[in-house]
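Residue numbers (the numbering used here), protein chains in the order written: chain A, 34 to 518; chain B, 1305 to 1611; chain C, 392 to 603; chain D, 144 to 790. Yeah, the Cβ is synthetic: ideal placement off N, Cα and C, and Gly gets one too. So the structure is just underneath, and the comments pick up after that.
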Amino acid sequence: MILLFLITIPALLGVATLFISGEEKRKTRRRILMLGASLHFAGTLSLYFSGVSRKWNDYILLDPLGLLFLSITSLLFFLVAIYSFGYFYKEHKPPTKEGGTKEGVRHLYTPCMLFFLSAMSLTTMTTHLGLLWVGIEATTLATAPLIYYHHHEQALEATWKYLLICSVGIALALLGVFFIAAAGKGSGVDLFVESFVEKAAILNPRWLRIGFILILVGFGTKMGLAPMHTWLPDAHSEAPSPVSALLSGALLNAAFLGILRCYQICFAAHLADFAGTLLTLFGLVSLFVAAVFITAQRDYKRMLAYSSVEHMGILSLGIGVGAGFGSLLHVISHSLTKCLLFLLAGQIVLTYRTKKTTEVHGLLRTLPMTGILFTIGGLAIVGFPPFSPFLSEFLILKEGFAAGHSVAMAFYLIFLGIIFVSMSQILFGMLQGEKRELPHKMERTYLMMVAPVFLAAAIFLFGFYLPAPMVVFLNSAAKLLGGPL
Amino acid sequence: MEFDPVLWGLHLFLLLVAPPFFLGVIAKTKGWFVGRNGPPLLQLYYDLFKLFRKGAVYSKTTSSIFRMAPAAIFILLIFAGLFLPIGGAALLYFRGDIILFAYLLGFTRFLLILAAMDTGSSFEGMGASREVTFGALSELAFFLLLVVLVVTTGALSLNGIFQWESLHSTFKPVFLLLFFSFFLILLTENSRIPIDDPATHLELTMIHEVMILDTSGPDLGFILYGASIKLFLFMTFAVSLLWPQTGGWSWFSLGFFLLKILGVAVAIGVVESSNARLRLIKIPQLLIANFVVTIFALLVAIFGRAL
Amino acid sequence: MEWLITGIILTSFVVLGSSRLASSIRMVALQGGLLSILPVLSRPSFFDLHGLTLFIISFFIKTVAIPVFLFRSLKQAKIQKEVEPIVSLHLSLVGGGAILVMAFASLRAFPLPTAPFPPLIIPAALTTVLIGFFLLVSRTKAITQVIGFLILENGVFLFGMTIISDFPLTVEMGVLLDLLVGVFVMGIIIYHINKTFDHIDTQALSKLRDVE
Amino acid sequence: MNFLIASLITFLAASVFSLLSRGEKPKILFSCFGVVVGSLLGLLPAVQILSGEGSLGEMWFSGIPGLTLALGVDALSAFFLAAIFFLSILISIYSIGYLKGETRLISSYPFFPVLVGAMAAVVMARDGFLFLICWEVMSLASYFLVSVEHDSREVRYAGWIYLIATHLATAFLMVFFILLWKNSGSFLFEDALRRLPLSPSLAGMLFVFAVIGFGTKAGLFPFHVWLPHAHPAAPSPISALMSGVMIKTGIYGILRTLTLVGGPELWWGGLLMILGMLSIVLGILYAFVQEDIKRLLAYSSVENIGIITVAIGLGVMGLAWPNPWIATLGFAGALFHIWNHALFKGILFLSAGNVVRTAHTRQMSLLGGLLKPMPVTGALFFVASAAICGFPLFNGFISEWLIYLGLFQGGQDFNHFSLFLAVAGVVALAFAGGLAIAVFSKAFGVIFLGNCRNRDITKITEVPASMQIPILILGLLSLGIGFVPQMIWGPILLTVQSLHTGFAIEATTIVDSLATISRIVAGIVGGAAVLFLIRYWILRKKPVRLSVTWDCGYIHPTPRMQYGAASFAEPISTFFKPLLKPILHSKHFTEYYGDLAEERFFVPLFKKTTRFFSLLRRLQKSQTQDYLALMFVTLILLLLWEVWFGI
């Protein structure tokens, strides 16, 4: 029941909020958002306690893999909801050209966020390929208005590209689903991943391969794998920061989950080599593209977006070389870290009123708390220990070498190195330097600091210590993909 | 190493008394070459005696470094002398004393340079700068020379090297090469023509003399005395290289040794008389050429060993 | 059924060669209509509930809702009625022909069991998908891109027919609904593009890039 | 082990308390006294082990399955621990004085205990994963300390270079440990030891990775580029700590690698020797032409690391021949020099810190004559300069003597390639010896002797006692080791023996020689004392006048006319111009000597990559159609590949 509750409650709340429009009701809407987030988070937490069924019917059920993604989404959503209180309060207050918004679509923020949550929950809670596809498509549609939040030309452009490119991608993914279905035609499978896995031996490998390619290109578009990543930097940089945080931390994961489901089938059908090669290839291309575009990047939100491309590449690479555990851990690491960074980037945008890296200096002295957290996040995202992305990247490296993918690993390291060099230059250029007196200095909104502090603490802890239940849980999820620790 | 008081006494006596004499020999030779009488053979003794009885003038700029350096240099040179066989075996030896010998000499250079810089005079700074340049190059050649000696003889102490059998029995061309190489080092280290001119004070070409412009009284005495000892040490080294001592220590061997030193002193005088002082920028070339000669000697030594 | 499938291919070609937006929209509507009849014909009996529901919903969405909506945004946006292709219409048609040949040539490579449908359906689906893609890439106006997307989607749907028996109804309806909402949202965006830029030429939408 | 754990916890606690406390005093108190207490706690077991009481067992903790965090101490670790803790104590005492009024530095000083703790943990780590974490924490902590003054562009640049150098090098270490893990199935060192011997190709590859990874931290040419930037940028106590012990963790890494990958081959030693010689020669040359005192000291560190590396290379060759005598001399010389360098480089950086603190400039050409106002600092700088030049009486001589002895022995016992290297080693060392005299006579002479070149800083006084005493202790120890070198020979021999089981030689000859040296040194000191007395006695009754320096007839010399740092270096820098590549800054009328590795390799490499990337970026047209076409092309290519794959 809880599962259904997790899907429907946000959706219902969202529908209800659609009718609460008007500037003066802003607070009410935020409260509803908070309510939805808390209920969802509480529901997700309750799933961890024994006795709660993780299956509602054949269509809605949670396997470990789904639970992992659901938990990340729920947690991030909860944190972002808290952050939103402060963020939109501040963004609204001093009306300026950059940050100001027109009335009209702003009231869509809360309902769309809730719809997004609902769609995400659906995506994680099903192993039915069709339903999964519906869930992922629904996330695209729910987030489009969020990206368009600011209503200026750039936002429009970003939204248009996002919508069109992702829709085309998802159409291809649907074709992929059909091909996979065709692979099992006549063998009595229905579209459940489990049934494919069960009958893996009699699936037509030809169709399965084509299906996987289509799925990879299709969902890969949504996930942000290069060279289909093109919409991603635009959307991430133009969306309001809490939305960017969710896009990077949760939305990309949904598409990754889609690919993982198909990989599960391929793995069972002894196509792991084939699928792995493709994933490795896309991973490396993504890393390379991210390296190219992060170098000398002038917009820090775009830089973070390209960093998402990079990390999606790492995930893909990790699965490709058979480092299931490491990749799943990296999903957690990346989501937490990137969410932290985007939330802080929001803080910086509000203070400096610019997204240009060249115009932000002396963060550590101007906004000490933000600066310190941004340092932590920045170091974590480029792979410095003792933060959790290092651990997961290290595990991927280790498994990659163990499986004999030395060349891929060498490129992996080289690209990571280039990205590290470029990104650290930008990050520390922003962090260091003289103190700036800014007119909009408003750091002490504690609501906006809760989420970043929590996230920073989490990535620090997971850098060298994983609680035993988490290991067991990640392992059971990784077993589905054939790469437990 | 047993402590033999007679030997020690004699050795020290020679080390302390003989050196100024050979400077006189060099001066005499040079005088003779230009057809003059030259200064008396014992001139340096008179000078030293005079200097040690004088008072001193110090620059206000100088610090204690300036005052302590001359005496320290002197004592370091004396101790370096204990490792060289003067007319027999060396007083002190152990595996690796060659390095100690080289570094004692290096220390004296360091102190001399600092003393020169202590005056704050641009002239003396210039001298220091040159000294350090040529010193570095000649030290390089000296160490390479030591390598050749170690490779040929297998000994790691000066005493061992110069007591080595075949150094006595058969004469190898290596040693001739080494002797020439070392002779150049000798000229460089002791500020002789064609590297430096010990006789001038106020030319822009000078190295060693300019560094002691401000030194006076007993300090100058220590410096001059020390310089003569250093020359004596180098001449001893050169002599041992070309024509080492045979057998143990005896009065005869001692006399013979002094004769050989005398020969070297005359040779230096001849070289100084027949050469003009080199232009300053030519000196590094000369030293590098010297280094190459030593490398040649090294190759000869190594391949000679393999045969 | 061959007739229907041929009709679907032909409608794609008409869109490819059409220079007017209105006729393009009409053709897409027609294609949607043809497409929604197809599953009904494949059933043993006409009154099969599964097939009928699907027919009604997809017919409503593809032939009524979406074209009406597109016409509305066309009117609202007061846009010019020409297509403005990057690749000229003649060349487009030649390209479409090439795609068709390729699709039929690849028939051997796709020996799918198409059971109730004629084997023609596979190259037809492929052609439609590719033509949709071609339209997406070669037309500048936002609304033509939506049309391209619709044709692409139709191609996918056509392909989906072959395995329709394996699809439960709920999911299909979800698919169609998503399509509807997607185009709906796109329409809103087109409207906004028009309001912001005074035209819907997507070449104006190229400000966001990393080089200056 | 309990003591060491307690010490690590103390560092952590000191850092946290210092971070949380408000106000300058408590911050200083927590960070500095925390380090003192923690180091004293740790020094105890380290010294115990070095006096031959066996090694300490391992502590395990496993936070992640398959990745244990194990700690342990053997003689090698203890040797480095002793150096780390000892220098840290003195530097934290020094810091108390140094920190007064340095608000920014104080707010970054919580990283100081972290740095010390991380260094200790690095040498105590007994598994690859913990090692990597500590290694990077150490880099990070030092990075934040280096870039304290990040308002200045140079400091930012320096910090950045340091960060990327150390992190990129860590990539090699990651591969190193992973390959080791692949062989033994565990990150624990002891498991790796159980799987020896490795195949020669694997061992060789591991060794090369280790040399690159650890060599960067150590500052080995050509990976040293960060060092001359980071040291001037960092506050002086931090420079002292980094140069004194932190870069030695790189050396520790190389030594540890030798124990982990098994019996070495001849070419490993050759590689080390070649890199070491390059570091020696170029390091000392660059040091000589520097104007900035701390940059000079940084390059001198490169040189000394080169000496240590040459010695280790010699030791490795000794092991490979096998020739235990040479191996012992090489390793013992390296370890001895590590200690010595920690001592005298500590003095040099700290006293340079005193100078910078009082004179507010690092440019030597603006200083001069500081010996009179700052006698203690000056005297200690002199001691350290003499020690680093390797003169007898001071500690530097002993280690250089050991290394020379080993090299000469190599010249005797080796053949072919190794012989050539041994001879080249002697030449490189001699070259460095000659130039070291030049470098440090320049540094000491220009800063402390003569007249002050800058009238603004004539009112200089000596620094407070808390900044003198630590240096004084270091200076006394430096002299002490020079006088009685036998006293630390025992621990060094113990450490050398722990490196390899094949050391069964009795080293009494060395002890005898050391005793002789000790006696000679005593003789020299005695003789000098006698001479000074004589001199005093002569001058007692004689007239002694003070006057101006003789000006050779020129009437109005000014202090600015003295030979400065650049003019002093001119003959040698002209001679070595092809190697030094001076860059003329027309704006400042000064010459700046770019680093060969930096200017000719790394900067062009980075520039080329950036240019290539910017070309690629230009391909981005930002048209929706193009993006879709890209997607489409990708799909088609993959499908074609599939068709090909399928057939």
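Secondary structure of B:D1351 (DSSP, three-state): helix. With respect to the C-alpha of B:A1569, the residue from B:T1457, B:I1516 and B:N1494 having the closest C-alpha is B:N1494.
C:A515 and C:A494 have their C-alpha atoms spaced approximately 8 Å apart. Chain-ordered, the chain C residues with CB closer than 8 Å to the CB of D:A772 read V528. By the rule that beta-carbons nearer than 8 Å mark a contact, D:T752 touches chain A. Counting every other CB atom within 10 Å of its CB across the protein chains shown gives C:I477 a total below 16, marking it as exposed. Your pair A:L514 and A:Y296 checks out as a contact, with CB atoms roughly 6 Å apart and the cut at 8 Å. The residue from D:A477, D:F525 and D:G512 with its alpha-carbon nearest to that of D:S494 is D:F525. The three-state reading of DSSP puts D:K515 in coil, since its state is none of H, G, I, E or B. The alpha-carbon of A:V318 is positioned some 24 Å away from that of D:A312. Here A:Q330 is buried: its Cβ has 16 or more other Cβ atoms, across all protein chains shown, within 10 Å.
Cβ-Cβ distances below 7 Å link D:A218 to I192, L193, S198, L637, T638 and S641 in the same chain, with the five nearest sequence neighbours on each side left out; the list follows chain order.
Distance between D:G533 and D:A377, taken at the CA atoms: about 27 Å. By the Cβ-count criterion, D:G707 is buried, with 16 or more other Cβ atoms from all chains shown falling within 10 Å of its own Cβ.
Contacts with chain D (Cβ-Cβ distance below 7 Å) from the region 455 to 466 of chain A involve S457, Q458, F461, Q465 and G466, listed in chain order. Contacts between D:E713 and chain B, judged by CB atoms closer than 8 Å, involve S1433 in chain order. Counting only Cβ-Cβ distances below 9 Å, A:L205 has contacts in chain D at M774 and L778, in chain order. Counting of Cβ neighbours within 10 angstroms places A:Y479 among the exposed residues, the total staying below 16.
Between D:F431 and D:L578 a beta carbon distance of about 6 Å is seen, short of the 8 Å cut, so the two are scored as contacting. Between D:F540 and B:M1372, the gap from beta carbon to beta carbon reaches 8 Å or more. Residues of the same chain with a CB within less than 6 Å of the CB of A:G282, apart from the 5 flanking positions on each side, are L109, S368, K371 and C372 in chain order. For the 8 Å CB-CB criterion, D:L162 and D:L212 do not form a contact.
What A:K431 touches in chain D, judged by beta-carbon distance under 7 Å, is I321 and W324, going in chain order. Here the alpha carbon of B:G1385 sits roughly 23 Å from the alpha carbon of B:L1345. Within chain B, not a single residue places a beta-carbon under 8 Å from that of D:V180; the smallest gap is close to 39 Å.
According to DSSP, residue pairing for D:T211 in a beta bridge involves D:S205. Bounds of any beta strand (DSSP E) do not take in D:A571; it lies within the alpha helix (DSSP H) bounded by H559 to F591.
In this structure, the straight-line span from the alpha carbon of A:L430 to that of C:L401 is close to 53 Å.
With the rule of 3 Cβ pairs closer than 8 Å, the region 445 to 452 of chain D counts as touching the region 358 to 372 of chain D. Taking 8 Å as the cut-off, the Cβ atoms of C:I538 and C:I416 count as close. Taking 8 Å as the cut-off, the Cβ atoms of D:P634 and D:Y237 do not count as close. In the DSSP assignment, A:A177 forms no beta bridge with any residue. Residue burial is scored here from C-beta neighbours: C:W394 has fewer than 16 other C-beta atoms within 10 angstroms and is therefore classed as exposed.
Note: D:V687 is bridge-paired with B:A1360 in the DSSP secondary-structure output. Contacts between C:F524 and chain D, judged by CB atoms closer than 7 Å, involve F775 in chain order.
In this structure C:L482 is exposed. Its beta-carbon is surrounded by fewer than 16 other beta-carbon atoms within 10 angstroms.
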